[in-house]
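Chemist:
Residue numbers (the numbering used here), protein chains in the order written: chain P, 1073 to 1216; chain F, 18 to 162.
1) Mind checking if residue 58 (chain F) is an interface residue toward chain P, Cβ cutoff 8 angstroms exclusive?
2) So with CB distances below 8 angstroms, who are the chain F contacts of residue 1215 (chain P)?
3) Got a sec: is the Cβ-Cβ distance from residue 154 (chain F) to anything in chain P below 8 angstroms?
4) Could you check whether residue 1125 (chain P) and residue 33 (chain F) sit closer than 8 angstroms to each other, using their CB atoms as the reference points?
5) So, is residue 1206 (chain P) buried or exposed, given that buried needs 16 or more other C-beta atoms within 10 angstroms?
6) Can you round the beta-carbon distance between residue 1175 (chain P) and residue 1195 (chain P) to whole angstroms, since I take them to be within the 8 angstroms contact cut?
7) List the whole-angstrom C-beta distance separating residue 1136 (chain P) from residue 28 (chain F), where the pair is believed to meet the contact cut-off of C-beta under 8 angstroms.
8) With residue 116 (chain F) and residue 46 (chain F) assumed to form a contact (beta carbons below 8 angstroms), what rounded beta-carbon distance in angstroms separates them?
9) Residue 1103 (chain P) lies in the alpha helix (DSSP H); which residues open and close that run?
10) To which residues of the same chain is residue 1095 (chain P) closer than 7 angstroms at the C-beta, ignoring the five residues directly before and after it?
11) Quick check: the Cα distance between residue 78 (chain F) and residue 26 (chain F), rounded to an integer number of angstroms?
12) Keeping to the same chain, check which residues put their C-beta closer than 6 angstroms to that of residue 112 (chain F); ignore five residues upstream and five downstream.
13) If I follow the unbroken alpha helix (DSSP H) through residue 37 (chain F), where does it start and stop?
14) So the candidates are P:1203, P:1181 and P:1151; which of them puts its Cα closest to the Cα of residue 1193 (chain P)?
15) Given a limit of 7 angstroms on CB to CB distance, which residues of the region 45-69 of chain F reach chain P?
16) Determine the chain P residues that contact residue 90 (chain F) at a beta-carbon separation under 8 angstroms, and present them in chain order.
17) Three-state secondary structure (DSSP) at residue 88 (chain F)?
18) Given residue 145 (chain F), which residues of its chain have a CB within under 6 angstroms of its CB, disregarding the five upstream and five downstream residues?
19) Give every residue of the same chain whose Cβ lies closer than 6 angstroms to the Cβ of residue 121 (chain F), excluding the five residues on either side of it in the sequence, and list them in chain order.
20) Please classify residue 126 (chain F) as buried or exposed, where buried requires at least 16 neighbouring CB atoms within 10 angstroms.
21) For residue 81 (chain F), does the three-state DSSP call read helix, strand or coil?
22) Between which two residues does the alpha helix (DSSP H) harbouring residue 1204 (chain P) extend?
23) Does DSSP classify residue 1118 (chain P) as helix, strand or coil?
24) At a CB distance below 7 angstroms, what residues from the region 97-110 of chain F approach chain P? Give them in sequence order.
25) Please decide whether residue 1093 (chain P) counts as near chain F, where near means a Cβ-Cβ distance under 8 angstroms.
26) Along the chain, where does the alpha helix (DSSP H) that runs through residue 1142 (chain P) open and close?
27) Let me check one thing: in DSSP terms, what residues is residue 1211 (chain P) bridge-paired to?
Below, the structure written as C-alpha cells:
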C-alpha cells in the first residue's frame, strides 16, 4: 500500500463529512427519521402509501444538490470508470443488497454507527470488506 | 414544516457528498483500492459525519418526540441476521464494481450523468426484486397457515 497524496483531500472530505452529519442530525432531531438513502428510496417502493411526502422531499433535495452547487460556482465532474455492463450489474446488486441489509453507507455507516448500533457496525464492516475485495480483484487480479 | 426540513436535509446531504468527494466514483474506488495508490479521504468523511451524528443521536435517543413533535423512529432491531450479512456483502460488491452507493448515485443522477441514470434504474430494479421476493414469500407463508 502507498498513500495517494496527490488525491488526498483531508480538508474538503472532513468538511463534506461534517455537512453529511449535520444533514442526518437535522432529519432525526426535527423529523425523528433516519437519513438512510436506501431505506428512504426503498420505502417509496414498499407499497405502503403512508409517509411518502418526507421521502420525496428529502430525495428531491438530494437530487437537486448539483443544481445548487452549480449556482454556487462549484461544478464537479464525477468520473465514472465502470462500463455499462458493470454499472447495471452493480446497480442491481446495490439495490437488492441494501434492502436485504436494511441500510447502506448512510443508514448503517453514518446513522447506525453514530447511535452505537452493533448491527450497523457489522453491516458496515462487511460491505467495506467486500468493497475492498471487489476492487482488489477487478484492479489487481483481473487487471481492471 | 417537516417537509421543508426533509428537503433541506436532503440538499445539505447531497452538497456534503459532493464537497467530500463521495459523489465521485473514481475517488470512492481510490479509497477502496487498499493495495494500489490508496486515497484515505473517505475515512475522514465517515469520521466527520459520525462525529456530528453521534452528538445528535445522543439527544435523539433520549426523546420520544422530535423537535417538531413527530414520533422518534429509531430502529430497535439489534440482531445480526443472515439477511443483514448477505445483503451487506452483495451491496459491497456492487459498491466496489461501480464506486456508487445509493446517495452519490442519486446526486450524480441530479447532475445528469447518463451512467448514473442507468445505475439508479438498475438499483430500483434490485429494490423492486427485493419487494417482489418478499411479497411472494409472505404469500406462501400466508397460504401455508
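For each residue, glycine too, the CB sits at the ideal point set by N, CA and C.
Modeler: Based on what the coordinates show:
1) On the second chain, position 41 is the one that residue 58 (chain F) refers to. Closer than 8 angstroms: yes.
2) Here residue 1215 (chain P) corresponds to residue number 143 of the first chain, with the count starting at 1. The premise fails here: residue 1215 (chain P) is roughly 12 angstroms from chain F at the closest Cβ pair, so nothing lies under 8 angstroms.
3) Here residue 154 (chain F) refers to the residue found at position 137 when the second chain is read from its first residue. Closer than 8 angstroms: no.
4) For the purposes of this step, residue 33 (chain F) is taken as residue 16 along the second chain, with counting starting at 1. For the purposes of this step, residue 1125 (chain P) is taken as residue 53 along the first chain, with counting starting at 1. Going by C-beta atoms, residue 33 (chain F) is not nearer than 8 angstroms to residue 1125 (chain P).
5) As a working note, residue 1206 (chain P) is residue 134 in the first chain. Buried.
6) Taking the first residue of the first chain as 1, we reach residue 1175 (chain P) at position 103. Taking the first residue of the first chain as 1, we reach residue 1195 (chain P) at position 123. About 6 angstroms separates the two Cβ atoms, so the contact holds.
7) Position 64 of the first chain holds residue 1136 (chain P). Position 11 of the second chain holds residue 28 (chain F). So it is a contact: roughly 6 angstroms between Cβ atoms.
8) Residue mapping note: residue 116 (chain F) aligns to position 99 of the second chain, counting from 1. Residue mapping note: residue 46 (chain F) aligns to position 29 of the second chain, counting from 1. Right, the Cβ-Cβ distance comes to about 4 angstroms (below 8 angstroms), so this counts as a contact.
9) Looking up residue 1103 (chain P) in the first chain gives position 31. Residue 1103 (chain P) -> alpha helix (DSSP H) spans 1082-1103.
10) Along the first chain, one-based indexing puts residue 1095 (chain P) at 23. Once the five neighbours on either side are set aside, the close Cβ partners of residue 1095 (chain P) are 1107.
11) Indexing the second chain from 1 puts residue 78 (chain F) at position 61. Indexing the second chain from 1 puts residue 26 (chain F) at position 9. Going by the C-alpha atoms only, they are around 19 angstroms apart.
12) Position 95 of the second chain, counted from the first residue, corresponds to residue 112 (chain F). Cβ within range, chain order: 118.
13) Looking up residue 37 (chain F) in the second chain gives position 20. Residue 37 (chain F) -> alpha helix (DSSP H) spans 19-37.
14) Residue mapping note: residue 1193 (chain P) aligns to position 121 of the first chain, counting from 1. Nearest C-alpha to residue 1193 (chain P): P:1181.
15) 46, 47, 49, 50, 51, 52, 53, 54, 55, 56, 57, 58, 59, 61, 62, 63, 64, 65, 66, 67, 68 and 69
16) For the purposes of this step, residue 90 (chain F) is identified with residue 73 of the second chain, where counting begins at 1. Within chain P, the residues near residue 90 (chain F) are 1104, 1105 and 1106.
17) Taking the second chain and counting its residues from 1, one reaches residue 88 (chain F) at position 71. Note: residue 88 (chain F) maps to strand in three-state DSSP.
18) Against the second chain, residue 145 (chain F) aligns to sequence position 128. Excluding residues within five positions, none has a Cβ falling inside 6 angstroms.
19) Residue 121 (chain F) sits at position 104 when you count from the first residue of the second chain. Same-chain partners within the cutoff: 34, 39 and 40.
20) Locating residue 126 (chain F) in the second chain gives position 109, where the first residue counts as 1. Buried.
21) Looking up residue 81 (chain F) in the second chain gives position 64. In this structure, residue 81 (chain F) counts as coil in the three-state DSSP scheme.
22) Within the first chain, residue 1204 (chain P) is the residue found at index 132, counting from 1. First-last of the alpha helix (DSSP H) with residue 1204 (chain P): 1190-1208.
23) Within the first chain, numbered from 1, the residue matching residue 1118 (chain P) stands at position 46. Residue state, collapsed to three classes: coil.
24) 97, 100, 101, 102, 103, 104, 105, 106, 107, 108, 109 and 110
25) Taking the first chain and counting its residues from 1, the one referred to as residue 1093 (chain P) is at position 21. It does; some Cβ of chain F falls within 8 angstroms.
26) One-based indexing of the first chain puts residue 1142 (chain P) at position 70. Looking at the DSSP string, the run of the alpha helix (DSSP H) that includes residue 1142 (chain P) is 1125-1143.
27) Sequence index remark: in the first chain, residue 1211 (chain P) carries index 139 (1-based). Partner(s): none; residue 1211 (chain P) has no beta bridge.
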